[in-house]
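2 protein chains.
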Amino acid sequence: MAKFERIPTPAVRRLSLYLRQLERFRAADRRTVSSRELGDAVAVSDAQVRKDLAYFGQFGHPGIGYRIAELIDRVRRILGTDKQSNVLIVGVGNLGRALASYRGFAKQGFDLVAAFDDDARKIGTRLTESIRVKPMDDLVKTVAGHQIRFGILCVPATSAQAAAEQMIAAGIRGILNFAPVTLQVDAGVAVSSVDLAVHLEQLSFQLGGGRYGAGKAADV
Amino acid sequence: MAKFERIPTPAVRRLSLYLRQLERFRAADRRTVSSRELGDAVAVSDAQVRKDLAYFGQFGHPGIGYRIAELIDRVRRILGTDKQSNVLIVGVGNLGRALASYRGFAKQGFDLVAAFDDDARKIGTRLTESIRVKPMDDLVKTVAGHQIRFGILCVPATSAQAAAEQMIAAGIRGILNFAPVTLQVDAGVAVSSVDLAVHLEQLSFQLGGGRYGAGKAADV
DNA sequence: TAGATTGTTAATCGATTAACAATC
DNA sequence: TAGATTGTTAATCGATTAACAATC
Chain A
968 MAKFERIPTP
978 AVRRLSLYLR
988 QLERFRAADR
998 RTVSSRELGD
1008 AVAVSDAQVR
1018 KDLAYFGQFG
1028 HPGIGYRIAE
1038 LIDRVRRILG
1048 TDKQSNVLIV
1058 GVGNLGRALA
1068 SYRGFAKQGF
1078 DLVAAFDDDA
1088 RKIGTRLTES
1098 IRVKPMDDLV
1108 KTVAGHQIRF
1118 GILCVPATSA
1128 QAAAEQMIAA
1138 GIRGILNFAP
1148 VTLQVDAGVA
1158 VSSVDLAVHL
1168 EQLSFQLGGG
1178 RYGAGKAADV
Chain B
968 MAKFERIPTP
978 AVRRLSLYLR
988 QLERFRAADR
998 RTVSSRELGD
1008 AVAVSDAQVR
1018 KDLAYFGQFG
1028 HPGIGYRIAE
1038 LIDRVRRILG
1048 TDKQSNVLIV
1058 GVGNLGRALA
1068 SYRGFAKQGF
1078 DLVAAFDDDA
1088 RKIGTRLTES
1098 IRVKPMDDLV
1108 KTVAGHQIRF
1118 GILCVPATSA
1128 QAAAEQMIAA
1138 GIRGILNFAP
1148 VTLQVDAGVA
1158 VSSVDLAVHL
1168 EQLSFQLGGG
1178 RYGAGKAADV
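Listed below in structure tokens is the structure:
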């Protein structure tokens, strides 16, 4: 039982990939899957799959593999997405609006319940059927009222740090950041950043646009 | 001179962060920066900054630091973004449209020049001032005509693999994938995936929603 | 039973950090 | 010169892979 080992960060990321794939297997009415099959589907070695899962307990059955429905439950519990969490969004420009209409969040355990912007012309605007854009002043009240822990940050780079600080002050503890800046936050606040330019630059480097090209092309 | 060492993947990712920060310093009219200052700004140690840059050559000046303008040029050349690259987008749903209107690409060396969708009702629709949505059949011709190497993939998960194969067959060599699937591609094709649900799940895990919470909150 | 597959240990590989002589 | 800061080496730390006894 490995519960007290230190868990590698990359292992947690892969857990999400396994979960997504397991749900796909289940949708195809499969009952069990081996570490090899699961690994092949997400481009990871079988040993890696077993090791990643073993950090959290013994979920498999020698000779059989893993029972899909059971493993989905386990992984959800590990990730904390077995219960729905409320999410808010700050900054409703093009990207913010697109993310708000993304239907995939809810299915994975996240409910978008509020949206904020500091542009007076956007306040009161309808973002989705049930969500109207609120002023930043309402942040504290809304976070408390809906017990919101997660926030998606979609403001321009120049206002990102300030907006993040307002979110944190209001009680947000996890920020998904789309602004191309490194947010400076205190311990106890988790930040995950999605930087589109960074991703394109990685591709560019891999294609050997750089004169140092490793050439090895693989998923990042 | 370290040019023949193997370059760690994470180092390349950090190169993009350095570049973004260097541009910010230059915009603020600074001339030089030390590895410590640059590192502090992007939450990386000074030793790491020096090591990352040293993989590609000797860009710094002992006692002085790095000359910002010079380093920007070097890093752009390393990443292959010193010249503009043409980019296309496949799938113009909400997310695709939002990405198309994102102004940050061009500034970083990427020009969006074409968009595709397999939905007949979207063909001919205007995506931006200069771009109209084309049918997938035009992919080969357009990629060749504009010498496009990069593609942004924004179709639903179910059609992502097939769309990726069409892109690759047409000559695309780097794919920025927004569909929540692991694309299976041949060597020689680079894939970088942005999975929004994965990011939220990482945050959820870090907040200890999981019963195994590492607690340590830091940027991922 | 024979075949399949796990969980775990040990071996390997890769990345980060610390320290410092060389340099401006 | 004295102070600052690099590039690089060696030491540490962390993650992945290989191998296999235990199990169904």
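As given, the protein sequences belong to chains A and B, one line each in that order. Per this note's numbering, the first sequence starts with residue 968, numbered consecutively. Per this note's numbering, the second sequence starts with residue 968, numbered consecutively. Backbone N, C-alpha and C fix where the C-beta goes; we use that ideal spot for every residue, glycine too. Quick caveat: nothing in here was measured; it's all calculated off a predicted structure.
What does DSSP give as the partner residues of Thr999(B) in its beta bridges? One-based indexing of the second sequence puts residue 999(B) at position 32. Thr999(B) is bridged to Arg1034(B).
Please list the residues of the segment 1157-1179 of chain A that have a C-beta atom closer than 8 Å to any C-beta atom in chain B, keeping them in chain order. For the segment 1157-1179 of chain A, the set of positions with a beta-carbon nearer than 8 Å to some beta-carbon of chain B reads Ala1157, Val1158, Ser1159, Ser1160, Val1161, Asp1162, Leu1163, Ala1164, Val1165, His1166, Leu1167, Glu1168, Gln1169, Leu1170, Ser1171, Phe1172, Gln1173, Leu1174, Gly1175, Gly1176, Gly1177, Arg1178 and Tyr1179 in chain order.
Straight-line gap, Asp1007(A) to Gln1015(A) (C-alpha atoms, nearest Å): The residue given as residue 1007(A) occupies position 40 in the first sequence. The residue given as residue 1015(A) occupies position 48 in the first sequence. Looking at the two C-alpha atoms, the distance is approximately 11 Å.
Is there a C-beta anywhere in chain A that falls below 8 Å from the one on Gln1133(B)? Residue mapping note: residue 1133(B) aligns to position 166 of the second sequence, counting from 1. By the rule that beta-carbons nearer than 8 Å mark a contact, Gln1133(B) does not touch chain A.
Going by the DSSP bridge assignment, what does Ala1081(A) pair with across the sheet? Numbered from 1 along the first sequence, position 114 holds the residue referred to as residue 1081(A). Residue pairing for Ala1081(A): DSSP places it in a beta bridge opposite Leu1055(A).
Please compile the residues from chain A whose C-beta is within a distance smaller than 8 Å of the C-beta of Thr1149(B). One-based indexing of the second sequence puts residue 1149(B) at position 182. Leu984, Gln988, Ala1008, Val1009, Ala1010 and Asp1186, listed in chain order.
Is the beta carbon of Ala1131(B) less than 8 Å from the beta carbon of Leu1143(B)? To locate residue 1131(B), count along the second sequence from 1; it is residue 164. To locate residue 1143(B), count along the second sequence from 1; it is residue 176. Taking 8 Å as the Cβ cut-off, Ala1131(B) and Leu1143(B) do not qualify as a contacting pair.
Among Gly1175(B), Pro977(B) and Ile1090(B), whose alpha-carbon lies nearest the alpha-carbon of Glu1168(A)? Looking up residue 1168(A) in the first sequence gives position 201. Ranked by how close their Cα comes to the Cα of Glu1168(A), the residues Gly1175(B), Pro977(B) and Ile1090(B) have Pro977(B) in first place.
Please state if the CB of Gln1051(A) and the CB of Asp1078(A) are separated by a distance shorter than 8 Å. If you number the first sequence from 1, residue 1078(A) lands on position 111. If you number the first sequence from 1, residue 1051(A) lands on position 84. Cβ atoms of Asp1078(A) and Gln1051(A): closer than 8 Å.
Pro1029(B) burial status per 10 Å Cβ neighbour count (16 or more: buried): Within the second sequence, residue 1029(B) is the residue found at index 62, counting from 1. In the assembly as shown, Pro1029(B) is an exposed residue. Its beta-carbon has fewer than 16 other beta-carbons within 10 Å.
When Arg1043(A), Gly1141(A), Arg1099(A) and Pro975(A) are compared against Ala1087(A), the one with the closest alpha-carbon: Here residue 1087(A) is taken as the residue at index 120 of the first sequence, counted from 1. Nearest option by C-alpha distance: Arg1099(A).
For the segment 1088-1100 of chain A, list every residue whose C-beta sits within 8 Å of some C-beta in chain B, in sequence order. Correct list: empty, as no residue qualifies.
Can you give me the Cβ contacts of Leu1094(B) inside the same chain, cut-off strictly under 7 Å, excluding the 5 residues immediately before and after it? Stepping through the second sequence from its first residue, residue 1094(B) is reached at position 127. Excluding positions up to five away in sequence, the list reads Val1059, Arg1064, Ala1067, Ala1082 and Val1100.
Count the other CB atoms, across all protein chains shown, that sit within 10 Å of the CB of Ala1164(B); report buried if there are 16 or more and exposed otherwise. For the purposes of this step, residue 1164(B) is taken as residue 197 along the second sequence, with counting starting at 1. Buried, because 16 or more other Cβ atoms sit within 10 Å of the Cβ of Ala1164(B).
For Ile1135(B), the nearest candidate out of Ala1124(B), Gln1151(B) and Pro1123(B) (CA to CA): Your numbering for residue 1135(B) matches position 168 in the second sequence. Nearest of Ala1124(B), Gln1151(B) and Pro1123(B) to Ile1135(B), Cα basis: Gln1151(B).
Cβ neighbour criterion (16 or more within 10 Å) applied to Pro975(B): As a working note, residue 975(B) is residue 8 in the second sequence. Pro975(B) is exposed by the Cβ-count criterion.
Tell me whether Arg1140(A) sits in a helix, a strand or coil according to DSSP, three-state version. In the first sequence, the residue the question calls residue 1140(A) occupies position 173. Coil at Arg1140(A), not helix or strand.
Start-to-end residues for the beta strand (DSSP E) that takes in Leu1120(A): For the purposes of this step, residue 1120(A) is taken as residue 153 along the first sequence, with counting starting at 1. Secondary structure note for Leu1120(A): its beta strand (DSSP E) is the uninterrupted segment Phe1117 to Leu1120.
How many Å lie between Tyr1179(A) and Ala1146(A) at the Cα? If you number the first sequence from 1, residue 1179(A) lands on position 212. If you number the first sequence from 1, residue 1146(A) lands on position 179. In this prediction, Tyr1179(A) has a pLDDT of 46, which is less than 50 and means its spatial position is unreliable; nothing more can be read from the coordinates.
CA nearest to the CA of Asp1040(A), picked from Gly1024(A), Val1054(A) and Leu1055(A): Taking the first residue of the first sequence as position 1, residue 1040(A) is located at position 73. Checking every option, the nearest Cα to that of Asp1040(A) belongs to Gly1024(A).
Is it buried or exposed for Gly1177(B), if we count other Cβ within 10 angstroms and need 16 for buried? In the second sequence, residue 1177(B) corresponds to position 210, counting from 1. Confidence at Gly1177(B) is low in this model, with a pLDDT of 41, below 50, so the placement of that residue should be treated as unreliable; the coordinate-derived value is given next. By the neighbour-count rule (16 or more Cβ atoms within 10 Å), Gly1177(B) is buried.
Any C-beta of chain B within less than 9 Å: which residues of the segment 1058-1090 of chain A qualify? Those would be Gly1060, Asn1061, Leu1062, Gly1063, Arg1064, Ala1065, Leu1066, Ala1067, Ser1068, Tyr1069, Gly1071, Phe1072, Lys1074, Gln1075, Gly1076 and Phe1077, in chain order.
Let me see if you follow: with CB-CB separation under 8 Å, is Arg1003(A) close to chain B or not? Residue mapping note: residue 1003(A) aligns to position 36 of the first sequence, counting from 1. Not closer than 8 Å to any Cβ of chain B, the Cβ of Arg1003(A) fails to qualify, so no.
Using beta carbons (cut-off 8 Å, strictly below), is Gly1030(B) in contact with chain A? What you label residue 1030(B) is simply residue 63 of the second sequence in a count that begins at 1. No, Gly1030(B) lies away from the interface with chain A (no Cβ there is under 8 Å from its Cβ).
What does Thr1109(B) touch in chain A if you count any residue whose Cβ is under 9 Å from its own? The residue labelled residue 1109(B) in the question sits at position 142 within the second sequence. Result: empty, since nearest Cβ-Cβ is about 19 Å, beyond 9 Å.
Would Gly1027(B) count as contacting chain A if we go by Cβ distances under 8 Å? Within the second sequence, numbered from 1, the residue matching residue 1027(B) stands at position 60. With respect to chain A, the C-beta atom of Gly1027(B) has no partner C-beta closer than 8 Å.
Are the CB atoms of Val1011(A) and Arg981(A) nearer to each other than 8 Å? The residue given as residue 1011(A) occupies position 44 in the first sequence. The residue given as residue 981(A) occupies position 14 in the first sequence. Yes, these two residues count as a Cβ contact at 8 Å.
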